[in-house]
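I have placed the structure first, in the form of structure tokens, so that the comments after it can refer back to it.
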Amino acid sequence: DNVTFTYVQVEEDGSRHSRLDRIYFSRFHLARAHASGVRPAPFSDHHLVTVTASLSSERSGPAYWNVDNSLLEDVGFIASFREFWLACFPSARQWWDVGKVHAGLFCRYYTWGASRRRDAVIGQLEREVLEPERRLASGPEDSPLCAPYRKKREELRTLEDHRARGAFVRSCTRLLWEMDRGSCFFYGLEKRRGAKNLVTCLLAEDSTPLTDPEEMRGRARSFNAGLFSPDQIDAEACRVLWTELPTVSPGDRERLELPLSLAELSEALHRMPTNKSPGMDGLTMEFYRVFWDVFGPDLVTVWAESLQSGVLPLSCRRAMLALLPKKGDLCDLQNWCPVLLLSTDYKVIEKAISLQLGSVLVDVVHPNQTYTVPGRTIFD
Numbered sequence: 001d002n003v004t005f006t007y008v009q010v011e012e013d014g015s016r017h018s019r020l021d022r023i024y025f026s027r028f029h030l031a032r033a034h035a036s037g038v039r040p041a042p043f044s045d046h047h048l049v050t051v052t053a054s055l056s057s058e059r060s061g062p063a064y065w066n067v068d069n070s071l072l073e074d075v076g077f078i079a080s081f082r083e084f085w086l087a088c089f090p091s092a093r094q095w096w097d098v099g100k101v102h103a104g105l106f107c108r109y110y111t112w113g114a115s116r117r118r119d120a121v122i123g124q125l126e127r128e129v130l131e132p133e134r135r136l137a138s139g140p141e142d143s144p145l146c147a148p149y150r151k152k153r154e155e156l157r158t159l160e161d162h163r164a165r166g167a168f169v170r171s172c173t174r175l176l177w178e179m180d181r182g183s184c185f186f187y188g189l190e191k192r193r194g195a196k197n198l199v200t201c202l203l204a205e206d207s208t209p210l211t212d213p214e215e216m217r218g219r220a221r222s223f224n225a226g227l228f229s230p231d232q233i234d235a236e237a238c239r240v241l242w243t244e245l246p247t248v249s250p251g252d253r254e255r256l257e258l259p260l261s262l263a264e265l266s267e268a269l270h271r272m273p274t275n276k277s278p279g280m281d282g283l284t285m286e287f288y289r290v291f292w293d294v295f296g297p298d299l300v301t302v303w304a305e306s307l308q309s310g311v312l313p314l315s316c317r318r319a320m321l322a323l324l325p326k327k328g329d330l331c332d333l334q335n336w337c338p339v340l341l342l343s344t345d346y347k348v349i350e351k352a353i354s355l356q357l358g359s360v361l362v363d364v365v366h367p368n369q370t371y372t373v374p375g376r377t378i379f380d
């Protein structure tokens with residue numbers, strides 16, 4: 001935090017100080033730098049600049065899978081998945097978690113096969129493009145080969161564009177049209193983004209640098225446990241508070257306690273934003289929309305049974321904690337923003353309940369509060 005000079009020259013008429021010597025780090029690898037310092041070098045006017053950095057080849061583990069939304073444009077995939085789901089899972093809450101796991105495996109196997117077929121077609125098209133190019137180089141431009149050549153080039157461009165869009169999604173690039181999609185830089189964005197989010201060093205509670213993966217996991221676990229653990233509840237204070245709060249009418253209460261209907265879940269689904277990260281099951285909002293005629297009735301049954309048992313399916317009670325880097329020293333866990341990624345089916349149920357409660361907020365929220373209450377504005 002102190003201003004330090006790396007070049008000092010002292011003469012009779014005064015002294016000169018400047019910061020000439022520097023060590024540069026790519027911002028994608030800035031988290032690898034743990035400490036820096038300046039030490040005097042007695043045989044030179046320049047000081048010694050030191051940086052302590054982690055150069056280990058430790059790699060992050062495999063990323064959590066999420067469905068490739070481009071599959072939802074594949075007619076063959078849609079037909080195969082409908083047949084797969086209806087044939088394997090006739091009913092009930094017990095298979096909901098297992099069914100989503102099998103759905104993920106089905107999508108991965110289909111993607112793997114489709115990718116192999118696409119790569120084979122790309123290789124064949126590349127050979128079919130190179131051969132006419134060699135023949136056209138020695139012939140006139142109006143050769144009969146020109147039209148087939150342009151057609152093959154366009155087919156190859158379409159397939160390469162599809163492959164580039166996969167890297168575009170994984171690298172979270174937003175300005176696709178400003179980039180050369182065939183360049184090494186474009187396909188390297190995914191790796192650069194992964195390197196930027198890789199945690200290589202964390203500070204312990206006593207500010208000691210930790211670089212061992214097990215020690216870093218322990219530090220992150222203890223730090224986030226304090227953020228997400230429930231607080232102590234004073235039952236008597238809650239009772240006193242609740243006795244003074246307004247309540248809904250008996251008719252509204254009876255309506256709110258009914259199981260969610262398919263229409264309510266459908267409305268919630270179509271009000272949800274798209275292009276959002278899914279939970280641990282990897283099934284996106286777009287995926288549910290395409291197969292809602294299959295998933296919708298089953299989710300209604302699962303929710304009704306969950307109300308009776310008082311417990312949601314295990315996959316709806318799990319969340320994935322993702323850390324997003326903020327500004328500042330990334331060795332400090334306070335400079336990582338924790339984000340909980342919930343499963344899509346849980347978010348649909350949550351949205352449906354929120355819409356139900358919105359219809360009675362005006363009866364239980366004081367008139368002085370206008371924010372988030374339907375029908376009220378700040379001008380009331």
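Sequence positions in the sequence shown follow the UniProt record's numbering and run 1 to 380.
The C-beta atom is built at its ideal place from N, Cα and C for all residues, glycine as well.
Contact holds between the region 248-262 and the region 300-311, because three or more Cβ pairs, one in each stretch, are under 8 Å apart. Secondary structure note for M216: its alpha helix (DSSP H) is the uninterrupted segment P213 to F228. Inter-segment contact for the region 266-282 and the region 64-79 is present: three or more beta-carbon pairs are separated by less than 8 Å.
M320 and S18 have their C-alpha atoms roughly 48 Å apart. When secondary structure is reduced to three states using DSSP, Y7 falls in the strand class. DSSP lists L324 as the beta-bridge partner residues of C337.
If you draw a straight line from the Cα of Q369 to the Cα of V360, it comes to about 14 Å.
Taking C-beta atoms as the reference points, G279 and L341 count as a pair closer than 8 Å. Secondary structure of L312 (DSSP, three-state): coil.
Under the three-state reduction of DSSP output, R317 falls in the coil class, being neither helix nor strand.
Here S249 carries a coil assignment [DSSP, helix/strand/coil].
Bridge partners of L202 according to DSSP: L210. Sequence-distant partners of N224 (beyond 5 residues in either direction) whose C-beta falls short of 7 Å from its own C-beta, in its chain, are L321 and P338.
Under the three-state reduction of DSSP, R239 is assigned to helix. Looking at the DSSP output, R39 bridges to L48. Straight through space, the alpha carbons of F228 and G37 are spaced by roughly 37 Å. With distances taken between CA atoms, A147 lies nearest to V129 out of T158, L159, D161 and V129. In the three-state reduction of the DSSP assignment, S354 falls in the helix class, which pools H, G and I.
Assignment of R16 by DSSP, reduced to helix, strand and coil, places it in the strand class. Between A31 and T200, the gap from beta carbon to beta carbon is short of 8 Å.
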